[in-house]
Every structure is written in C-alpha cells, then in structure tokens.
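Protein sequence lines correspond, in order, to chains C and U.
Counting the first sequence from 1 gives a position; the numbering used here is that position plus 27.
Counting the second sequence from 1 gives a position; the numbering used here is that position plus 878.
We put the beta carbon where it would ideally sit given N, CA and C, even for glycine.
Since the structure is predicted, the reported quantities are computational estimates derived from the model, not experimental observations.
So the structure is just underneath, and the comments pick up after that.
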Amino acid sequence: AQTVTQSQPEMSVQEAETVTLSCTYDTSESNYYLFWYKQPPSRQMILVIRQEAYKQQNATENRFSVNFQKAAKSFSLKISDSQLGDTAMYFCAFMKHGGTNAGKSTFGDGTTLTVKP
Amino acid sequence: DTGVSQNPRHKITKRGQNVTFRCDPISEHNRLYWYRQTLGQGPEFLTYFQNEAQLEKSRLLSDRFSAERPKGSFSTLEIQRTEQGDSAMYLCASSLWFTQGTYEQYFGPGTRLTVT
C-alpha cells in the first residue's frame with residue numbers, strides 16, 4: 028500500500044514571495060504519477076501540477092514547479108510570486124498508473140497555505 | 879465539457895435516515911471514483927467503477943453504503959441508517975482509463991453531508 032506524508036500542516040507566505048510545500052511518499056511501484064491539488068476554502072479541488080515517475084525532468088506550470096527526487100521519494104511544490112488567490116489547502120497525491128488497481132489516488136493530509144498581503 | 883457535477887451540494891439529515899448522492903462524470907470518462915473527506919484531512923478512497931462495473935471497495939465502505947453506476951454513466955452513492963460519523967464531504971472524480979494506464983482525476987465540487 029502507498030502512503031503520502033505532508034509534514035507541514037500550515038504555512039504562510041507574503042504576497043510575491045516564494046514558498047515550498049513538502050511531500051514524501053512510500054511505494055514499491057515503479058509506474059506512477061504524483062500530483063499536487065489545490066482546494067480553496069469551500070471550493071472544488073483542482074489539479075495544480077502532475078509529474079510522471081518515469082520522467083527525470085521536473086514538471087512546471089507557470090508559477091508552480093516541483094522538485095521530484097525519485098530515489099528519496101520526495102515531491103515538493105514550489106510556488107513563485109505568490110498571489111492572494113493561492114490561499115488554499117494543498118494536497119499531494121500518489122496514483123499508480125498501470126496494472127491492477129491503477130487509477131485510485133492516495134492523498135496526504137494537506138498543507139494549509141495562507142498568502143498574506 | 880461541463881466537468882464533474884454532484885448533487886445535492888449540501889445534505890442535512892437526521893441519524894437513521896437514508897441519503898443518496900448523485901455524480902455525473904465528464905462524459906467521455908470511463909472511470910468514476912468516490913472519496914470521503916473529513917475536515918482537515920485528505921480524501922480517502924471509497925470505491926471506483928470502470929464503466930458500470932464496480933472494481934474495488936474500500937474497507938471504509940461498510941454494509942450501509944452502496945454505490946451504483948448503471949449504464950456506465952452517472953453514479954449514485956447511498957448511505958442507509960446514517961450515523962453521525964458519516965458526516966463528511968463526499969467527493970466524486972472521473973478519469974480516462976486505457977490499457978496502458980490511467981491519467982489524472984477530475985473532481986466534482988462534493989456533497990457535504992451533516993448527520994444530526
């Protein structure tokens with residue numbers, strides 16, 4: 028079974044600054060995806076960024092980038108030029124990509140990020 | 879493409895009553911998932927369907943819970959004889975599955991259940 032750990036329950040950052048959210052995971056699988064999801068207060072969960080485990084290059088999406096360290100089973104999210112709209116709970120998630128039971132996700136307990144003006 | 883929709887968005891019920899939630903996935907998605915999320919926690923997997931077949935159920939899904947996906951389109955999640963511990967956000971997600979694997983899930987807005 029997979030586990031996902033987010034060790035920072037809460038974080039805050041000043042607007043326009045950079046913040047990094049940590050995530051570690053444990054798995055014996057080799058074919059998997061990792062995700063960061065954003066869940067604003069009382070709003071829908073949306074995908075922020077995706078990383079395929081077979082890719083060595085770290086994924087980037089505009090102001091969001093990841094540091095994927097496969098051997099260390101670490102997957103951190105960096106948010107650059109933080110904006111007030113980035114205030115949300117952020118979840119790290121693991122998903123087996125192929126084979127039996129592929130598709131369901133295992134989530135961490137989340138990090139609540141507050142961007143301060 | 880209107881995304882994943884869920885109804886109702888909020889449900890308040892008394893302990894012992896039955897409730898049913900509905901999820902409409904993205905139309906071309908063949909997989910549909912149900913998760914439960916309690917306050918301050920990440921979503922926990924409950925069950926999933928590939929087309930109309932229910933392929934896996936979590937141990938979290940007691941006998942009081944049942945899910946269906948007739949004709950491989952929308953899905954319903956029913957909770958019988960609700961208990962206060964059932965109070966949570968119930969999330970639905972859908973994805974495309976190919977023989978090579980599956981890709982990211984798209985989540986609905988959730989149904990928040992409060993059992994009094």
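>> Could you compute how far the alpha carbon of residue 31 of chain C sits from the alpha carbon of residue 62 of chain C?
In response: Looking up residue 31 of chain C in the first sequence gives position 4. Looking up residue 62 of chain C in the first sequence gives position 35. A direct Cα-Cα distance of roughly 11 Å separates residue 31 of chain C from residue 62 of chain C.
> Which of helix, strand or coil does DSSP assign to residue 113 of chain C?
Replying inline: On the first sequence, position 86 is the one that residue 113 of chain C refers to. Helix.
>> For residue 72 of chain C, would you say it is in contact with chain U, using Cβ-to-Cβ distances shorter than 8 Å as the test?
In response: On the first sequence, position 45 is the one that residue 72 of chain C refers to. Yes, residue 72 of chain C lies at the interface with chain U (some Cβ there is under 8 Å from its Cβ).
>> When you compare the CB positions of residue 937 of chain U and residue 959 of chain U, do they come within less than 8 Å of one another, or not?
In response: The residue given as residue 937 of chain U occupies position 59 in the second sequence. The residue given as residue 959 of chain U occupies position 81 in the second sequence. No; because the gap between Cβ atoms is not below 8 Å, this pair is not in contact.
>> Is there a Cβ of chain U sitting closer than 8 Å to that of residue 77 of chain C, yes or no?
In response: Position 50 of the first sequence, counting from 1, holds the residue named residue 77 of chain C. Closer than 8 Å to some Cβ of chain U, the Cβ of residue 77 of chain C qualifies, so yes.
> Can you give the Cα-Cα distance for residue 902 of chain U and residue 952 of chain U, rounded to whole angstroms?
Replying inline: To locate residue 902 of chain U, count along the second sequence from 1; it is residue 24. To locate residue 952 of chain U, count along the second sequence from 1; it is residue 74. If I take the Cα positions, the gap works out to 5 Å.
> Listed from N- to C-terminal order along the chain, which residues in the region 920-931 of chain U have their beta-carbon within a distance smaller than 7 Å of any beta-carbon of chain C?
Replying inline: 920, 921, 923, 926
>> Considering Cα atoms alone, identify which of U:883, U:899, U:928 is closest to residue 977 of chain U.
In response: Taking the second sequence and counting its residues from 1, one reaches residue 977 of chain U at position 99. Here the closest residue by C-alpha is U:928.
> Which chain C residues sit within Cβ distance under 8 Å of residue 909 of chain U?
Replying inline: As a position in the second sequence, residue 909 of chain U is number 31, starting the count at 1. In chain order: 130.
> Alpha carbon to alpha carbon, how far is residue 94 of chain C from residue 118 of chain C?
Replying inline: Working through the first sequence from its first residue, we reach residue 94 of chain C at position 67. Working through the first sequence from its first residue, we reach residue 118 of chain C at position 91. Looking at the two C-alpha atoms, the distance is approximately 15 Å.
>> Let me confirm a value: residue 957 of chain U is counted as buried when at least 16 other C-beta atoms fall within 10 Å, else exposed. Which label applies?
In response: Translated into the one-based positions of the second sequence, residue 957 of chain U becomes position 79. Buried, by the Cβ-count rule.
> Does the beta carbon of residue 965 of chain U come closer than 8 Å to any beta carbon on chain C?
Replying inline: Here the question's residue 965 of chain U lines up with position 87 in the second sequence. No, residue 965 of chain U does not count as interfacial toward chain C.
>> Rounded to whole angstroms, what is the Cα-Cα separation between residue 99 of chain C and residue 122 of chain C?
In response: Counted from its first residue, the first sequence places residue 99 of chain C at position 72. Counted from its first residue, the first sequence places residue 122 of chain C at position 95. About 17 Å.
> Using a C-beta cutoff of 8 Å, does residue 953 of chain U count as contacting chain C?
Replying inline: The sequence position of residue 953 of chain U within the second sequence is 75, counting from 1. False, the Cβ-Cβ gap to chain C never drops below 8 Å.
> If you drop the 5 nearest sequence neighbours on each side, which residues of the same chain put their C-beta closer than 7 Å to that of residue 108 of chain C?
Replying inline: Numbered from 1 along the first sequence, position 81 holds the residue referred to as residue 108 of chain C. Correct list, in chain order: 43, 90.
> Taking contact to mean at least 3 C-beta pairs separated by less than 8 Å, is the region 43-58 of chain C in contact with the region 883-901 of chain U?
Replying inline: no
>> What does the Cβ neighbour count give for residue 106 of chain C, buried or exposed, with the cut at 16 atoms within 10 Å?
In response: Reading the first sequence from its first residue, position 79 is the one you call residue 106 of chain C. Residue 106 of chain C comes out buried.
> Nearest to residue 60 of chain C by CA position, among C:73, C:72, C:81, C:88, is which residue?
Replying inline: Counting from 1 along the first sequence, the entry for residue 60 of chain C is found at position 33. Per the Cα distances, C:81.
> Comparing the C-beta of residue 136 of chain C with each C-beta of chain U, is any distance below 8 Å?
Replying inline: For the purposes of this step, residue 136 of chain C is taken as residue 109 along the first sequence, with counting starting at 1. Chain U contact via Cβ: present.
>> Using C-beta distances below 6 Å, list every residue in its chain close to residue 885 of chain U, excluding the 5 sequence neighbours before and after it, in chain order.
In response: Your numbering for residue 885 of chain U matches position 7 in the second sequence. Hits under 6 Å: 900.
> Is any beta-carbon of chain U found at less than 8 Å from that of residue 121 of chain C?
Replying inline: Indexing the first sequence from 1 puts residue 121 of chain C at position 94. Answer no: the Cβ-Cβ gap between residue 121 of chain C and chain U never drops below 8 Å.
> Count the other CB atoms within 10 Å of the CB of residue 104 of chain C; is the residue buried (16 or more) or exposed (fewer)?
Replying inline: As a first step, residue 104 of chain C must be located in the first sequence, where it is residue number 77. Buried, since its Cβ has 16 or more Cβ neighbours within 10 Å.
> For a contact meaning CB atoms closer than 7 Å, what does residue 975 of chain U contact in chain C?
Replying inline: Residue mapping note: residue 975 of chain U aligns to position 97 of the second sequence, counting from 1. Going along chain C in sequence order, the residues near residue 975 of chain U (Cβ under 7 Å) are 130.
> Can you check whether the CB of residue 114 of chain C is closer than 8 Å to the CB of residue 138 of chain C?
Replying inline: The residue labelled residue 138 of chain C in the question sits at position 111 within the first sequence. The residue labelled residue 114 of chain C in the question sits at position 87 within the first sequence. No, Cβ-Cβ distance for residue 138 of chain C and residue 114 of chain C is not below 8 Å.
> What residues are listed by DSSP as bridge partners for residue 885 of chain U?
Replying inline: Residue numbering aside, residue 885 of chain U sits at position 7 when the second sequence is read from its first letter. DSSP output for residue 885 of chain U lists U:900 as bridge partner(s).
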